Amino acid sequence: MLKPTEKIWHNGRFIPWDDARIHVLSHTVSYASAVFEGIRCYHTPSGPAAFRLREHVRRMVDSAKIYRMDTFPFTIDELCDAMIELVRVNKLDSCYLRPIALRGYGEMGVLGIHNPMEVYIACWEWGKYLGEEALAHGVDVCISSWKRIAPNTLPALAKAASNYMNSQLIRMEAHINGYAEGIALDEAGYVSEGSGENIFVIRDGRIHTPPLGASVLPGITRDTVIRLAQDLGIPLVETIIPREMLYIADEVFFTGTAAEVTPIRSVDRIQVSSGKRGPVTERLQREFFAIINGAKPDRHGWLTRVHAGQPAVVV
Ligand code: PPE
227 MLKPTEKIWH NGRFIPWDDA RIHVLSHTVS YASAVFEGIR CYHTPSGPAA FRLREHVRRM
287 VDSAKIYRMD TFPFTIDELC DAMIELVRVN KLDSCYLRPI ALRGYGEMGV LGIHNPMEVY
347 IACWEWGKYL GEEALAHGVD VCISSWKRIA PNTLPALAKA ASNYMNSQLI RMEAHINGYA
407 EGIALDEAGY VSEGSGENIF VIRDGRIHTP PLGASVLPGI TRDTVIRLAQ DLGIPLVETI
467 IPREMLYIAD EVFFTGTAAE VTPIRSVDRI QVSSGKRGPV TERLQREFFA IINGAKPDRH
527 GWLTRVHAGQ PAVVV
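Here our numbering = 1-based position in the sequence shown + 226.
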């Protein structure tokens, strides 16, 4: 169960957790007209720090633009500041931040452009997405019978609520069949992504990941791993990946804000190599966790410290 925190940010004001309610006839409830983000704030020796905050907020603003949410009322800077202040106000040392921008209550009907935009930011403490064990030992996954959203149906580059109905189908099917997660193929039948993670495949020392044209979310963790692989001198290509490549890979892993860097030990009950976390995955994981935990210098400027600025004032 979700553990409430004290405050939620709504359109520029802090309100009590329980007051963050919307009317059942808000546009978003019938038509899924919402865009959102998921951002982790990590415990570091210099206090909590949000990981790649600006990139996440930029993607949210991009998602809103794709959906013609022209009335989207806040700038990237304002949203970044609001998130940092929210973590301070809720006195959390580490948490997951969930900003949501939705079309609210007003007119009924699909159009939606006359309905007010409501922006909320909540945060709470969130543990390991695919279980504590997953990061060390990996997860068992399947290929979903559901495809990922096809090009020019729902825009995959937008992190929109509507995309997650497709994700739910993938995740529920995997869960019911005893898998930790499902991997969807794209419209053409090539590997796309998990219900809530991007995917990486390693063979003969080279990392492969599907390109943005394969109906994937442009993951911030995906981008992080691409940069870390460059830093470590590990060759990486963005390329279409046939399904069977997963079965014969040396290593496969997921990336995501919630899932972080999670090894995959089997696909469709076919063991990936020895069925243990592989050396490239482990190297990337180590580098990733060293940076987010503040054990290594933040050489890319990815962390935003929560307590670096002025003390928060509760409105
Ligand atoms: N693909 C999908 C479909 C996706 O939902 C996510 C994040 C990613 C890739 C990875 O993106 P990024 O977080 O920027 O590296 N999924 C979020 C939702 C989790 C949830 O269940 O809610 C997340 O990881 O926060």
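Ideal Cβ placement from N, Cα and C applies to all residues, glycine included.
It should be emphasised that the depicted structure is a prediction, and the values quoted were computed from it without experimental measurement.
query	result
Separation of C267 from H533, as counted between CA atoms	12 Å
Reduced DSSP category for I339 - H, G, I as helix; E, B as strand; rest coil	coil
Start-end ranges of the beta strand (DSSP E) lying completely within the region 301-372, minimum 3 residues	321-329, 343-350 and 365-369
Boundaries (first-last residue) of the alpha helix (DSSP H) holding L279	L279 to I292
Distance CB(P489)-CB(R469) smaller than 8 Å	no
Inter-residue spacing [alpha-carbon to alpha-carbon] between N424 and G445	7 Å
Residue environment, G338, which counts as buried when at least 16 other CB atoms sit within 10 Å	buried
Buried versus exposed call for M309 [16 or more other C-beta atoms within 10 Å across all chains shown]	buried
Contact test: A485 Cβ vs the ligand PPE heavy atom, cutoff 7 Å	yes
Other residues of its chain near C321: CB distance less than 8 Å, five sequence neighbours each side excluded	T231, R266, C267, P274, V313, C349, W350, E351 and W352
Where V417 sits in the DSSP three-state scheme	strand
Inter-stretch contact at 8 Å, needing at least 3 Cβ pairs: the region 450-461 / the region 393-406	no
Selected residue, minimal CA-CA separation from V255, among T435, A276 and Y331	Y331
Opening and closing residue of the alpha helix (DSSP H) in which E513 lies	P505 to I518
Classification of I474 by the beta-carbon crowding that lies within 10 angstroms, buried from 16 upward	exposed
DSSP state of H401 mapped onto helix, strand, coil	helix
Extent of the continuous alpha helix (DSSP H) run through R448	I446 to L458
Coarse secondary structure for Q536, derived from DSSP in three states	At Q536 the pLDDT is 48, less than 50, meaning the model places this residue with poor confidence and gives no usable figure here.
Terminal residues of the alpha helix (DSSP H) in which V255 lies	H253 to Y257
Residues bridged to V463 (per DSSP)	H434
Three-way DSSP call (helix, strand, coil) for N378 in this model	coil
Buried versus exposed call for N378 [16 or more other C-beta atoms within 10 Å across all chains shown]	exposed
Same chain, Cβ closer than 8 Å to G408, neighbours up to 5 away in sequence not counted	V367, C368, I369, S370, W372, I396, R397, E399, A400, G420 and S421
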